[in-house]
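Chains as they are written, first to last, in our numbering: chain C, 11 to 796; chain V, 11 to 796. All C-beta atoms in this analysis are idealised placements derived from N, C-alpha and C, irrespective of residue type, glycine included. If you're wondering where the values come from, they're calculated on a predicted model, not measured in any experiment. Input: a single structure, listed below in structure tokens.
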């Protein structure tokens, strides 16, 4: 070789290597690598960036503030911003607590806050403005790293690098300290998300030995009676410690006299309990902590600890979390842009955080009756935000997680067994019924799963529990609903009489369909009839569903754009009137035909609703509003798909593209409203795949248009279902044609069994709407009065 | 027969019958019939008159008031009067609660108050002055009947006859109602003995069905964290009910909206929880209620309920209680006057109430670590008031209840296992260490049992636990005690430095004697040395034990009659200086010989102590004072027997007779001070039999003189030990001679094995003291420096 060629060859080689490595890194990128847990942590998404396993009970995450519920005896609106404990705009971290909600409509949790510090021992957090007044520390997002099952940040006030990972019931902390003889771990058992005086009912804390602490915390708050037991193990013995009660007990005379409290006293109990553990550390010395939790006992927590992480290998736990996340996330593989992959896999990640595995490794859990039960041959789940999740998150799980769905149903049935009311959960939160929101939406979740062929639970009991729940007259206006055929607003304290009527009617339809499938025609007839109850609130003069009193008078003044005082919750008549997923055709007929439905939908998506109207709807980001359509709240989530019951399915395709691209992003504020334990993201996943479960309880998914080039669902039965979006581009968002397994598909829905049988759904997309595809009534999705 | 004889014969027959029946009733009278649970309910005895089984966890009794702990922010001295819930002088009853202390030095319990009423539903008790303002009722002692395991009273405001009986874990109520459609059972879960705002931490209450209620109550108070679960079953379905939270919860918005609270709502939780249950009753209709309790769970309570009383036969349960009481009480049979029998068997009854069987029927119990444990093959006992009971109550149980004593030791060892401090109990109260009073007196109880041959517990562990407890430096001045050889008053918060020094020294001797018996001479030497620590506080100038500071200065000003500020608790230097039961000889030598000891004893029994001095000793009745001897408190209980270490044992005989006849009676105020969970009565039993365990941990009982004509102890090994008091009369109180199994006994003590081997101890009593009997030093009881 001639020498003068050498540099040139070198140059080429370097280029080839770079190119290969770029390809390689792209090829080697797994779904895990696309998840960005920071998405949704800014503004109203209410997600948390910390470390967790799929459906893990421990969700270990930094809390950046915990504003009190009340300020000067008035409700403090800031409390809601912190319902997941973290706000991206904050500049300080209080510490790392072990339980979080993935964006709920109410805040709570934040149990067992741990904070590593250096210097003076401080037991109070201090304020964001003056972090040096407490144990909290400044931090920079530059030092932050968040992945599924891993979180890292530098606590700059202390020069400590904090890293977190987790197994199902155990949070694993790794703190890299500077050289100091003044290193501390602070344990704040007074810290709470949704924080107020009196929230902590009782705390019990023990030093078992110089590397092990146990205890429990009993709180009220959103839950009425929540017990969390824990075991905290340190990798290195603490040299001294203090268990502190910051509140004076009325009578502990003998106690205080007999054993000196404070430094090195091994047990304490009370309401305002803090602790510190002291260490000497060399430069870069790592102190590791494992925190196991249990609803049962400290013994249960120790079992969880020893069973899940019987070692001190942080990287191993992090790797196990990574590998499990990849297994779960890989159930859908997509071809799409890097940005789309980030949005998609983060959304998928967010659908796999709630409900959580509530039972201990040995099956023990604290039941609704406050007794200890054993989940025999199943995993007991808790945190069911059913008003949100019956819509899309649970249906998504029926495709991706059928065996978990069976266990979730078993969990709801044990709730039913343990309930003093003997009904299914409304909002299940640890060992509590929170009664949050309206409806009895456990039934659509169960009926949907049953209709879709999920088995492995006691079907007869599930059916009985569903019927019992729908007939439980003490529940939320149900007595009057049964008596009047609607919930009269004058007899209702909750002022959600119209919402309730609509939701009950839909839920009743799921009972009916379940009964029909069970061959219980008597029950089916009774509930198909109740499913028509929405008609009792149809106001011919306004064409809307409108609250009515017990004498038959319509609510006045009526404003279809307003929420407050209109008998609706988190929605207005314009949007909520369409919450008749079981009978779109029936409502269409009331409106006077498909054209009128289409006009109403057009009105929703194009007219402007004054901000002061939807502000009352709570819980939404301005970005979650499209015309008068409010995506930030759940009652409207199916509305974009309703054009499929009109002559213009193409408008669904247009709107879905608009929502997907305008409302969801890969930024920290990339969610259009509260994540609501996975519902906001589940909407995205379905919509990106090209279909949506408008009416859970049917086996149908209503077609929109895919938003990714190609997707493969790897089903648990070993089959795959492939979705191809041929020609997809910024402008090509309309369906030109659809085929299923090579055969043209003219109807605007596919069925669950078509997915589960495996196959290929091919969309040809175009920049021109196909105004004839699936426009005939026979091609419309299910409607009960069809 | 001639007719005129008939009336005469009839007259004779009637007379014979009457006479026979009188003889018969006397012959048929059992120990049970002599027990009068009303004794001690008046003034300072602090006993309760209600229904219980021997050592039963349920002690179901009327509460006549529950004065608040604080009145206008100041300690309310009336609270202590009600430590057993009942004061004889009261004229109203609040209701019937299920747990009581048999006269403790602090008040608590009173769980689950039930009251039957007629008329308007009232959920607050009202006041004694205006009972009609609340649910309480007037009553008359004429309508009252109290027997072991049975209590009856007429609630005159409601014309209801209330009857109570009990099994170990279940209280059984029988209420005879008038005809009414307005009958109620009131359940007050805010009621407490030792009552204050904030005492109730949490209550959870459920209606399971129309005859079953379950729930739990979590309280602080004297206990730090006490959980009591319950199941309440009604013999008749209630027609309607209300579970009421009298406190507004800060946040229960969804709750209140979802399910109508109040009438017929089946679940409630909070702090101030009451309930009512409504019935229609016909004339004299009986509504029966069974209330089972458990420290574990409502499931545990239900197990206890179904296992112990699976029926509604009140009389059967009452009979079972009677028969079990007779079995226990018949372990000592006596010949004595009716009055003496009443005093004796009531005292014996009072020694068999505490500690209580804390574990459920299946062995489950809540441990000190707040986890649920299983008492495998033993019964877990709780409520150990050891500062009181190590003296005579536990020694009495070593004779009468050896297998229970083994279980009590096992219970203390599980306490040790579950303790964060890893020491034996000080004052064990349910799942709590109350740290009440001074000393580590679990050790004398264990050592005494071991020395007396009781087995069936883990001896090695018991020994280790004893040593660990005596070496636990964090406990109550022990670090300084070990360092200085006494507790210096300047380093002590508790101001009980002299009491502590004396009690630790005695307890140390029991460790030493235990070690010696175990062949652990190293430990024995160490603790025999510590047992001499009382010498470090012997003040040659005053001849008393006197508090000293860490520099060796005596406490000034010194007053041997005062308690407060003198380094003593519940006693003064005059009495407390003799709390050296392990080494009376050693102290005698310090005093300068037996004569000086005798003089000191004479001074105690004959000099007058000003009332304002012993008032500070707390807890005593004026009747419990003899000269300067204070029988109302425990530290002096052995003093009457100390003449046996002098040349005048006859003075013991004289003093014991004086105390027995002057301080104990068959009246409602028949106790000379607080019953202290059986110690006050155990003193009586021993003294009536003629001997007393001056120094538990030796196998010796020091002889006084019998106070009953004849007594037979039926031992669990099938043998009997008989005590005969030949010639006993009002004047014949002095020993003329003593023989054991026919052989003269010249020493002033008998041993445990002499009792357990069976035999006959015969006293010849005289009205003249025998001034030579057992006067030689060789006949004196044990002293370590002998």
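Rounded to a whole number of angstroms, what is the C-alpha to C-alpha distance between residue 349 (chain C) and residue 676 (chain C)?
If you take the alpha carbons of residue 349 (chain C) and residue 676 (chain C), they lie about 7 Å apart.
Output needed for residue 426 (chain C): all residues of its chain with C-beta closer than 7 Å, excluding positions within five of it in sequence on either side, in chain order.
If the five residues before and after residue 426 (chain C) are omitted, its C-beta is found closer than 7 Å to the C-beta atoms of 432, 433, 434, 475, all from its own chain and listed in chain order.
Contiguous alpha helix (DSSP H) assignments of at least 4 residues, all confined to the segment 170 to 212 of chain V:
Whole alpha helix (DSSP H) segments, 4+ residues: zero.
Beta-bridge pairing of residue 383 (chain V) - partner residues as DSSP gives them:
Its beta-bridge partners are V:375.
Rounded to whole angstroms, what is the Cα-Cα separation between residue 140 (chain V) and residue 283 (chain V)?
Taken atom to atom, the span from the alpha-carbon of residue 140 (chain V) to that of residue 283 (chain V) is near 23 Å.
Using a C-beta cutoff of 8 Å, does residue 380 (chain V) count as contacting chain C?
By this cut-off, residue 380 (chain V) is an interface position.
With 8 Å as the C-beta to C-beta threshold (strictly closer), list the residues of the segment 212 to 224 of chain V near chain C in chain order.
Those residues of the segment 212 to 224 of chain V placed with their C-beta closer than 8 Å to a C-beta in chain C are 212, 214, 216, 217, 218, 224, ordered along the chain.
Going residue by residue through the segment 254 to 322 of chain V, where are the continuous alpha helix (DSSP H) segments of at least 4 residues, counting only ones entirely within it?
Entirely contained in the segment 254 to 322 of chain V, the alpha helix (DSSP H) runs reaching 4 residues are, in chain order, 263 to 268, 308 to 318.
Between residue 113 (chain V) and residue 55 (chain V), is the Cβ-Cβ spacing less than 8 Å?
Going by C-beta atoms, residue 113 (chain V) is nearer than 8 Å to residue 55 (chain V).
Would you call the CB atoms of residue 456 (chain C) and residue 508 (chain C) closer than 8 Å?
Here residue 456 (chain C) is not near residue 508 (chain C), since their CB atoms are 8 Å or more apart.
For residue 750 (chain V), the nearest candidate out of V:731, V:740, V:547 (CA to CA):
Of the candidates V:731, V:740, V:547, the one whose C-alpha sits nearest the C-alpha of residue 750 (chain V) is V:731.
Within chain C, the residues that residue 270 (chain V) reaches when beta carbons sit closer than 7 Å
Correct list: 484.
Just curious, the alpha helix (DSSP H) that residue 427 (chain C) is in, first and last residue?
It spans 412 to 428 - the alpha helix (DSSP H) in which residue 427 (chain C) sits, taken as one unbroken run.
Evaluate residue 411 (chain C) with the Cβ neighbour count: other Cβ atoms within 10 Å of its Cβ, from every protein chain shown; 16 or more gives buried, anything less gives exposed.
Buried, since its Cβ has 16 or more Cβ neighbours within 10 Å.
Along chain C, which residues have their Cβ under 7 Å away from the Cβ of residue 307 (chain V)?
Contacts between residue 307 (chain V) and chain C, judged by CB atoms closer than 7 Å, involve 381, 382 in chain order.
So which of C:194, C:601, C:584 has the shortest CA-CA distance to residue 646 (chain C)?
If we check each option's Cα against that of residue 646 (chain C), C:584 comes out closest.
Three Cβ pairs or more, each shorter than 8 Å: is that satisfied between the segment 84 to 97 of chain C and the segment 226 to 237 of chain C?
Taking a cut-off of 8 Å on C-beta distances, the segment 84 to 97 of chain C does not touch the segment 226 to 237 of chain C, as fewer than three cross pairs fall below it.
Shortest alpha-carbon distance to residue 662 (chain C) belongs to which of C:477, C:744, C:682, C:595?
Distances from the alpha-carbon of residue 662 (chain C) to those of C:477, C:744, C:682, C:595 put C:744 closest.
In whole angstroms, what separates the C-alpha of residue 571 (chain V) from that of residue 582 (chain V)?
Looking at the two C-alpha atoms, the distance is approximately 5 Å.
In this structure, does DSSP put residue 134 (chain V) in helix, strand or coil?
Coil.
At a CB distance below 8 Å, what residues from the segment 82 to 97 of chain C approach chain V? Give them in sequence order.
Against chain V - using a Cβ distance shorter than 8 Å - the segment 82 to 97 of chain C contributes no residues.
Starting from residue 61 (chain V), follow its DSSP beta bridges and name the residues at the other end.
Per DSSP, V:70.
By DSSP's criteria, residue 125 (chain V) is part of a beta bridge. Which residues make up the other side?
Per DSSP, V:196.
Given residue 510 (chain C) as reference, the closest of C:593, C:527, C:541 once Cα atoms are compared:
Each of C:593, C:527, C:541 was checked against the Cα of residue 510 (chain C), and the nearest Cα belongs to C:541.
Pull up the DSSP beta-bridge partners for residue 874 (chain C), would you.
Any question about residue 874 (chain C) goes unanswered here, given that chain C covers just 11 to 796.
Within its chain, find whatever has a CB closer than 6 Å to the CB of residue 28 (chain V); leave out the 5 residues flanking it on each side and keep chain order.
A caution first: residue 28 (chain V) carries a pLDDT of 49, below 50, which makes its placement in the model too unreliable to give a value.
Who are residue 754 (chain V)'s beta bridge partners in DSSP?
Listed as beta-bridge partners of residue 754 (chain V) by DSSP are V:749.
Residue 558 (chain V) - partner residues in DSSP beta bridges
Secondary-structure assignment with DSSP links residue 558 (chain V) through a beta bridge to V:564.
How big is the Cα-Cα spacing for residue 314 (chain V) and residue 59 (chain C)?
So the two alpha carbons sit approximately 48 Å from each other.
In chain order, what residues of the segment 220 to 249 of chain V put their CB closer than 8 Å to some CB of chain C?
Taking 8 Å as the Cβ-Cβ cut-off against chain C, the residues of the segment 220 to 249 of chain V that qualify are 224, 226, 228, 230, 231, 232, 234, 235.
Counting Cβ pairs closer than 8 Å, one from the segment 691 to 710 of chain V and one from the segment 314 to 327 of chain V, do we hit at least three?
Judged by Cβ distances under 8 Å, the segment 691 to 710 of chain V makes no contact with the segment 314 to 327 of chain V, as fewer than three pairs qualify.
Determine the direct distance from the alpha carbon of residue 667 (chain V) to that of residue 447 (chain V), and round the result to whole angstroms.
Going by the C-alpha atoms only, they are around 30 Å apart.
Would you tell me roughly how many angstroms separate the C-alpha atoms of residue 246 (chain C) and residue 326 (chain C), rounded to the nearest one?
C-alpha separation (whole angstroms): 19 Å.
What residues are listed by DSSP as bridge partners for residue 343 (chain C)?
As DSSP reads the structure, residue 343 (chain C) sits in a beta bridge with C:722.
Integer-rounded CB distance, given that residue 560 (chain C) should sit under 8 Å from residue 494 (chain C):
Between residue 494 (chain C) and residue 560 (chain C) a beta carbon distance of about 6 Å is seen, short of the 8 Å cut, so the two are scored as contacting.
For residue 44 (chain V), which residues in the same chain have their Cβ closer than 6 Å to its Cβ, ignoring the five residues on either side in sequence?
Taken in chain order, the residues that qualify are 351, 352, 355.
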